[in-house]
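Trainee: Residue 21 in my numbering is what sits at position 21 of the sequence shown, and the numbering runs on without skipping anything.
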Amino acid sequence: MTRTDQRDVVAAVAARAIDGFTSGYGEQPAGAWAAPGRVNLIGEHTDYNDGFVLPFALPQQTVVAVTPRPEPLWTVWSEQSGERIDLDLADVAEPGRVTGWGAYVAGVVWALRDAGFDVPGARLAIASDVPLGAGLSSSAALESAVLTALADLGGLDLPVDDRPALAQRAENVYAGMPCGIMDQSASIRCRDGHALFLDCRSLAVEQIPFDVDAAGLAVLVVDSRAPHRHVTGEYAARRAACEAAARALGVPALRDVPADGLDETLARLDDPVVRRRVRHVVTENRRVLETVALLRAGRVREIGPLLTASHASMRDDFEITVPEVDTAVEAALTAGAYGARMTGGGFGGCVLALIDANRSEPVTAAVKNAYTAQNFTTPHTFTATPSPGAHRHT
Ligand code: ADP
Ligand code: MG
């Protein structure tokens with residue numbers, strides 16, 4: 001997908017949000033705001049270890065068409081759910097009053113109000129082409145689009161740097177989903193043609209050029225469609241193991257374990273499983289830094305082996321992959337990908353592969369054939385150009 005295609009894609013989603021608004025509310029919206037889903041190029045399960053991640057924004061966006069209203073009421077329609085819901089002051093006064101998809105919207109209003117902002121009441125209509133529940137962060141796209149719209153419409157004095165943490169609170173506290181800061185940071189702060197290098201300890205960000213089009217490359221994303229298995233429990237177990245290991249090693253977080261001399265450090269841990277978990281996090285942080293260094297030097301193709309090594313580490317050391325994603329990675333590599341890895345928290349979700357721009361069809365066919373051979377559900381695939389973060393569309 002080229003940049004022009006990307007703009008067409010956003011325009012099409014925006015048209016649906018605006019049409020939904022006009023037919024539902026009988027007036028034109030004051031404006032429309034867009035925020036993207038994301039994939040993480042590299043740096044998995046490093047966020048809660050105070051480490052590094054490198055996501056980029058997808059062309060697929062969530063668009064919210066909005067008009068402010070004088071009373072403190074928020075009426076929200078979503079094309080995806082087909083429902084229209086009303087939120088009043090009681091709903092946004094404390095977390096958990098609203099469940100289901102409305103929680104993400106109510107959570108944003110709650111988080112803004114809880115931070116002391118005077119949030120304007122509004123009518124909202126939402127459309128999206130970020131796949132829901134595929135690990136591409138449709139939840140962060142929804143939160144980020146709504147937050148950006150309400151902040152702009154209300155003229156809130158809320159610097160962009162401070163927005164991801166508020167959107168994350170909406171998800172963590174209101175919707176009750178524990179997640180790191182990566183998804184909301186990516187949806188809000190990513191730029192066209194760049195990946196976002198985020199230090200999850202300091203929250204410092206740096207835009208790293210990742211212009212795959214200019215390099216004659218493409219990122220193929222494969223939605224494995226593997227049923228998510230035990231995600232919440234396994235996530236909590238990995239997190240607990242990492243935190244316990246940091247305590248045992250006497251460091252604030254695994255980010256502080258140096259990659260040099262790792263074997264000696266690991267020898268201080270009794271449990272071989274915990275040793276492998278630590279090795280994943282430490283080597284993954286180093287791979288993120290190496291990827292960033294290569295991209296800064298314009299050596300895009302050369303990041304391939306780091307992506308593949310990241311996958312092996314997730315499969316063998318962190319043990320968060322499933323046969324569907326391992327199959328997609330193997331098939332993509334065999335079909336000539338420079339590198340491939342699962343992206344996202346694991347136990348399903350998506351795979352990304354770095355390929356020559358003109359190899360999208362054969363690599364896709366190879367992955368689909370491998371799935372057929374194993375009787376897996378046919379995966380969805382698309383190519384992802386690093387796209388802009390949250391912004392006003394019209
Ligand atoms: P992911 O963020 O990986 O897509 P999550 O489970 O975190 O998966 O979030 C998916 C949920 O977010 C959906 O089940 C729905 O409740 C909500 N959601 C996301 N986008 C929309 C949308 N456009 N309309 C309604 N709900 C949405
Ligand atoms: Mg999510």
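For glycine and all other residues, C-beta sits at the position ideal for the given N, C-alpha and C.
Anyone know if the C-beta pair for Leu262 and Leu352 falls short of 8 Å?
Mentor: Cβ distance not < 8 Å, so Leu262 and Leu352 don't count as in contact.
Trainee: Within 8 Å, do at least three Cβ pairs link the segment 344 to 362 to the segment 221 to 241?
Mentor: In short, these stretches touch, since the Cβ pair count reaches three.
Trainee: For Val300 and Leu196, which I take to be in contact (beta-carbon distance under 8 Å), what is that distance rounded to the nearest angstrom?
Mentor: Not really, about 16 Å apart at Cβ, beyond 8 Å.
Trainee: Give a yes or no on whether the C-beta atoms belonging to Val160 and Arg123 are separated by under 8 Å.
Mentor: Taking 8 Å as the Cβ cut-off, Val160 and Arg123 do not qualify as a contacting pair.
Trainee: For Pro305, which of helix, strand or coil comes out of DSSP?
Mentor: In this structure, Pro305 counts as helix in the three-state DSSP scheme.
Trainee: Closer than 7 Å: is that where the CB of Thr381 sits relative to any heavy atom of the ligand ADP?
Mentor: The answer is no for Thr381.
Trainee: In chain order, which alpha helix (DSSP H) runs of at least 4 residues are fully inside the segment 96 to 156?
Mentor: Whole alpha helix (DSSP H) segments, 4+ residues: 102 to 114, 138 to 153.
Trainee: For the beta strand (DSSP E) containing His194, list its first residue and its last residue.
Mentor: Start and end: 194 to 199.
Trainee: Please indicate yes or no: does the CB of Ser139 lie closer than 7 Å to some heavy atom of the ligand MG?
Mentor: Correct: Ser139 has its Cβ closer than 7 Å to the ligand MG.
Trainee: Leaving out five residues on either side along the sequence, give the residues of the same chain with a beta carbon under 7 Å from the beta carbon of Asn285.
Mentor: Excluding sequence neighbours, Asn285 sits near Thr46, Gly51, Phe52, Arg255.
Trainee: Check each candidate in Thr385, Ala17, Ala34, Ala390 and name the one with the smallest Cα separation from Asp213.
Mentor: For the residues Thr385, Ala17, Ala34, Ala390, the minimum Cα distance to Asp213 belongs to Thr385.
Trainee: I'd like to check one pair, Ala35 with Ala141: are the Cβ atoms closer than 8 Å?
Mentor: Yes, the pair counts as a contact, with Cβ atoms nearer than the cut-off.
Trainee: Mind pulling the alpha helix (DSSP H) runs of 4 or more residues that sit fully within the segment 183 to 249?
Mentor: Runs found: 231 to 249.
Trainee: Under the DSSP definition of a beta bridge, which residues are partnered with Val66?
Mentor: Val66 is bridged to Gly31, Leu124.
Trainee: When we look at the beta-carbon of Leu89 and count the other beta-carbons within 10 Å, is it buried (16 or more) or exposed?
Mentor: That one is exposed.
Trainee: Any contact of the segment 268 to 284 with the segment 234 to 243, i.e. 3+ C-beta pairs under 8 Å?
Mentor: Yes, they touch.
Trainee: Helix, strand or coil: which one does DSSP assign to Leu41?
Mentor: Note: Leu41 maps to coil in three-state DSSP.
Trainee: With burial defined as no fewer than 16 other Cβ atoms inside 10 Å of the residue's Cβ, what is the status of Glu143: buried or exposed?
Mentor: So Glu143 counts as buried.
Trainee: Taking 7 Å as the cut-off, does the CB of Asp183 come closer than this to any heavy atom belonging to the ligand MG?
Mentor: Indeed, a heavy atom of the ligand MG lies less than 7 Å from the Cβ.
Trainee: Return the bridge partner residues of Leu352 from the DSSP annotation.
Mentor: Looking at the DSSP assignment, Leu352 forms a beta bridge with Val221, Arg341.
Trainee: Using a Cβ-based criterion (distance less than 7 Å to any ligand heavy atom), does Thr62 qualify as near the ligand ADP?
Mentor: The answer is yes for Thr62.
Trainee: Return yes when the Cβ of Ile181 is within less than 8 Å of the Cβ of Ala165, no when it is not.
Mentor: Result yes, Cβ atoms of Ala165 and Ile181 sit closer than 8 Å.
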